Amino acid sequence: MDYKEIIKLMKEMNDSDLTKLKIEENNVVIEMEKQNNDVSVTKEKPSLEKTDVETKEVNLDDDDIEIVTAPIVGTFYSAPSPDKEDYVKVGSKVEKGDVLCIVEAMKIMNEIESEVSGEVVEILCANDDSVEYGQELFKIKTS
125 MDYKEIIKLM KEMNDSDLTK LKIEENNVVI EMEKQNNDVS VTKEKPSLEK
175 TDVETKEVNL DDDDIEIVTA PIVGTFYSAP SPDKEDYVKV GSKVEKGDVL
225 CIVEAMKIMN EIESEVSGEV VEILCANDDS VEYGQELFKI KTS
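Using our numbering, read the sequence shown as starting at 125 and increasing by one per residue.
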């Protein structure tokens, strides 16, 4: 079972009434469980000051902007670890294949790579934000 099939299963499970799923294939076991919509689960976090997301005003045509979206539901991390520098900042030059961030899902760290070369003009998430599938993460000026 490949990555895309697992993501498809996650989406289908999210849209269904299933709460638990276990699949065994070729010595690989995949188990998924979601909380009942009637139950509220909260994770307490220490109180943090609100930090603004860094932006840079640029006069652009929409044709010059590539939007990078979250391929999965998870937690957005701007750096490989808390003590490391962010992968990119507003104004950073990126090449196709450069890592922009990490989205953690089910304890798996998924590196999100740039599909284009260009300049990061807007970062739309803050570190440790929860992100949804398809949510916009970055705007990259391509020309």
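Note that the Cβ used here is the ideal one computed from N, Cα and C, for glycine as well. Quick caveat: nothing in here was measured; it's all calculated off a predicted structure.
Residues bridged to residue i by DSSP?
{"i": "Glu143", "result": "Per the sequence shown, the amino acid found at residue 143 is Thr instead of Glu. Looking at the DSSP assignment, Thr143 forms no beta bridge with any residue, so it has no partner."}
{"i": "Asn251", "result": "Answer is none; Asn251 lacks a bridge partner."}
{"i": "Val244", "result": "Ile264"}
{"i": "Glu148", "result": "Val153"}
{"i": "Val218", "result": "Gly242"}
Tell me where the beta strand (DSSP E) around residue i begins and ends.
{"i": "Met156", "result": "Val152 to Glu157"}
{"i": "Val192", "result": "Ile189 to Thr193"}
{"i": "Gly198", "result": "Gly198 to Tyr201"}
{"i": "Val227", "result": "Val223 to Ala229"}
{"i": "Glu235", "result": "Ile232 to Glu237"}
Alpha carbon to alpha carbon, how far is residue i from residue j?
{"i": "Asp187", "j": "Gln259", "result": "19 Å"}
{"i": "Thr199", "j": "Ile226", "result": "8 Å"}
{"i": "Val244", "j": "Asp252", "result": "19 Å"}
{"i": "Met230", "j": "Glu209", "result": "24 Å"}
{"i": "Ser140", "j": "Met134", "result": "10 Å"}
{"i": "Leu142", "j": "Ser254", "result": "22 Å"}
{"i": "Tyr257", "j": "Glu136", "result": "13 Å"}
{"i": "Lys320", "j": "Tyr201", "result": "Within the shown structure, residues of the chain are numbered from 125 to 267, placing residue 320 beyond reach of any answer."}
{"i": "Glu149", "j": "Glu129", "result": "12 Å"}
{"i": "Met156", "j": "Ile131", "result": "11 Å"}
Keeping to the same chain, check which residues put their C-beta closer than 6 Å to that of residue i; ignore five residues upstream and five downstream.
{"i": "Ile154", "result": "Ile147"}
{"i": "Asn138", "result": "none"}
Suppose the cutoff is 8 Å on Cβ atoms and the five residues either side in sequence are ignored; what does the same chain contact list for residue i look like?
{"i": "Val192", "result": "Leu224, Ile236, Ser238, Glu239, Glu260, Leu261, Phe262, Lys263 and Ile264"}
{"i": "Ile189", "result": "Val245, Lys263, Ile264, Lys265 and Thr266"}
{"i": "Asn234", "result": "Pro195, Ile196, Gly198, Ile226, Val227 and Glu228"}
Which same chain residues, not among the five before or five after residue i, have their C-beta less than 7 Å away from its C-beta?
{"i": "Lys220", "result": "Ser238, Glu239, Val240 and Ser241"}
{"i": "Lys217", "result": "Glu243"}
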